[in-house]
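Colleague: Taken in order, the sequence shown gives residues -20 to -1, 1 to 229; the numbers are from mature numbering (1 follows the signal peptide of the UniProt record, and there is no 0).
Just so it is clear, CB atoms sit at the ideal spot from N, CA and C, and this is done for glycine as well.
Take a look at this one; I'll ask things after.
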Amino acid sequence: MKKTILTILIIALAASLAFAQGKKEEKSGYIFASDATWPPLEFVENGQLTGFEVELMPLIGEKVGVQMSVKNIPWDTIFAGLANGAYDGVASGVTVTEERKATMDFSTPILTAGQVVIIRSSDSSKVKGIGDLSGKKIGVQIGTTGDFALENYPVQRKAYDDIGLAIEDLLNGNVDAAVCDSLIASDFVLANDNYKNRLVVAGAPFTEEDIAIAVQKGNKTLLDLINKGLELAKADGSFDALKKKWNLL
């Protein structure tokens, strides 16, 4: 009798563990990190996280029947958090580079951008692009592709945690220009009433970059879901509608 009871208990325990393990492996949704300092891609407005990529991830999830959400994470820790599994992916205006491809995987591109120079409107007659800024102080957000791009030019780089701080220093005369990608620059120069008529983009982009969603290296399951969701959103027009809403056409 005791042996029978013991056997039953062992079977019940094994079943319980198997059930618990199954629950652990079950994935109800995915979380993506986003540095909310890059309007119109991701930013905070009235205390709420919003922007193109903030709305894109739930849209992709909706197309494939899986919940996808975004949380605000500082840029300087964003890739370390991805590597250690603090979240499932990064949706934060991430440029695809060969160096990054060595440590993470990317979705099909969601946008194309390039690094541009932002200057004060009063300097527009003498600065037509990056080539006119030799020896000048240029503000840039640390760890971004704009930051890396400046390594190829004879300029004085001044790094900031937030591109908005570089823009403020530009307006205050503490730097001669700021560099960021063209999507962000368009928002600062064209869509922000605080900067209208005070800033201009000098010339054309001096780099060309694909922007995509990053996931942990080897996470094919999630990568396939993202790519499938993007494909469906592009096919039914909802992707283009979202781009239009955020003036990204």
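Does the Cβ of K197 have 16 or more other Cβ atoms within 10 Å, making it buried, or fewer, making it exposed?
Modeller: Looking up residue 197 in the sequence shown gives position 217. When all chains shown are included, K197 counts as exposed.
Colleague: Taking the alpha carbon of A213 as the reference point, which residue from G123, Q121, Q47, L39 has its own alpha carbon closest?
Modeller: Along the sequence shown, one-based indexing puts residue 213 at 233. Among G123, Q121, Q47, L39, the Cα nearest to that of A213 is on L39.
Colleague: Give me whichever residues DSSP pairs with W226 in a beta bridge.
Modeller: In the sequence shown, counting from the first residue as 1, residue 226 sits at position 246. None; W226 has no bridge partner.
Colleague: Drop a sphere of 10 angstroms on the beta-carbon of P134, count the other beta-carbons inside from all chains shown, and report buried for 16 or more, exposed for fewer.
Modeller: What you label residue 134 is simply residue 154 of the sequence shown in a count that begins at 1. It counts as exposed.
Colleague: What's the C-alpha gap between D85 and V74?
Modeller: The count along the sequence shown starts at 1 and reaches residue 85 at position 105. The count along the sequence shown starts at 1 and reaches residue 74 at position 94. The straight-line gap from Cα to Cα measures roughly 11 Å.
Colleague: Answer yes or no: do F12 and G69 have a C-beta to C-beta separation smaller than 8 Å?
Modeller: As a working note, residue 12 is residue 32 in the sequence shown. As a working note, residue 69 is residue 89 in the sequence shown. Yes, the Cβ-Cβ distance between F12 and G69 is below 8 Å.
Colleague: When you compare only the Cα positions, how much space is there between N227 and F186?
Modeller: Within the sequence shown, residue 227 is the residue found at index 247, counting from 1. Within the sequence shown, residue 186 is the residue found at index 206, counting from 1. So the alpha carbons of these two residues sit roughly 22 Å apart.
Colleague: May I have the straight-line CA-CA distance separating G217 from D161, to the nearest angstrom?
Modeller: Here residue 217 refers to the residue found at position 237 of the sequence shown. Here residue 161 refers to the residue found at position 181 of the sequence shown. For G217 and D161, the distance between alpha carbons rounds to 25 Å.
Colleague: To test your reading of the DSSP string, which unbroken beta strand (DSSP E) runs of 3 or more residues are found completely within the region 123 to 194?
Modeller: DSSP runs (the beta strand (DSSP E)) wholly in the region 123 to 194: 136 to 140, 157 to 161, 179 to 182.
Colleague: Under 8 Å between the Cβ atoms of D15 and W55?
Modeller: Counting from 1 along the sequence shown, the entry for residue 15 is found at position 35. Counting from 1 along the sequence shown, the entry for residue 55 is found at position 75. Yes. Within cutoff.
Colleague: Helix, strand or coil for V76, going by three-state DSSP, please let me know.
Modeller: Here residue 76 refers to the residue found at position 96 of the sequence shown. DSSP places V76 in coil when its eight states are reduced to three.
Colleague: Please report the straight-line C-alpha distance between G45 and E35, rounded to a whole angstrom.
Modeller: Within the sequence shown, the letter at position 65 stands for residue 45. Within the sequence shown, the letter at position 55 stands for residue 35. Between G45 and E35, the C-alpha separation is close to 15 Å.
Colleague: Below 8 Å on the Cβ atoms is my contact criterion, and I expect L163 with A93 to pass it. Report the Cβ-Cβ distance as a whole number of Å.
Modeller: The residue labelled residue 163 in the question sits at position 183 within the sequence shown. The residue labelled residue 93 in the question sits at position 113 within the sequence shown. That belief holds up - the Cβ atoms of L163 and A93 are roughly 5 Å apart, short of 8 Å.
Colleague: Please determine, among A158, G65, G209, the residue with the shortest C-alpha to C-alpha distance to V195.
Modeller: Along the sequence shown, one-based indexing puts residue 195 at 215. Selected option, being the one with the closest Cα: G65.
Colleague: Am I right that V107 and I118 are in contact with their C-beta atoms under 8 Å? What's the rounded C-beta distance?
Modeller: Position 127 of the sequence shown holds residue 107. Position 138 of the sequence shown holds residue 118. Wrong, their Cβ atoms sit about 11 Å apart, outside the cutoff.
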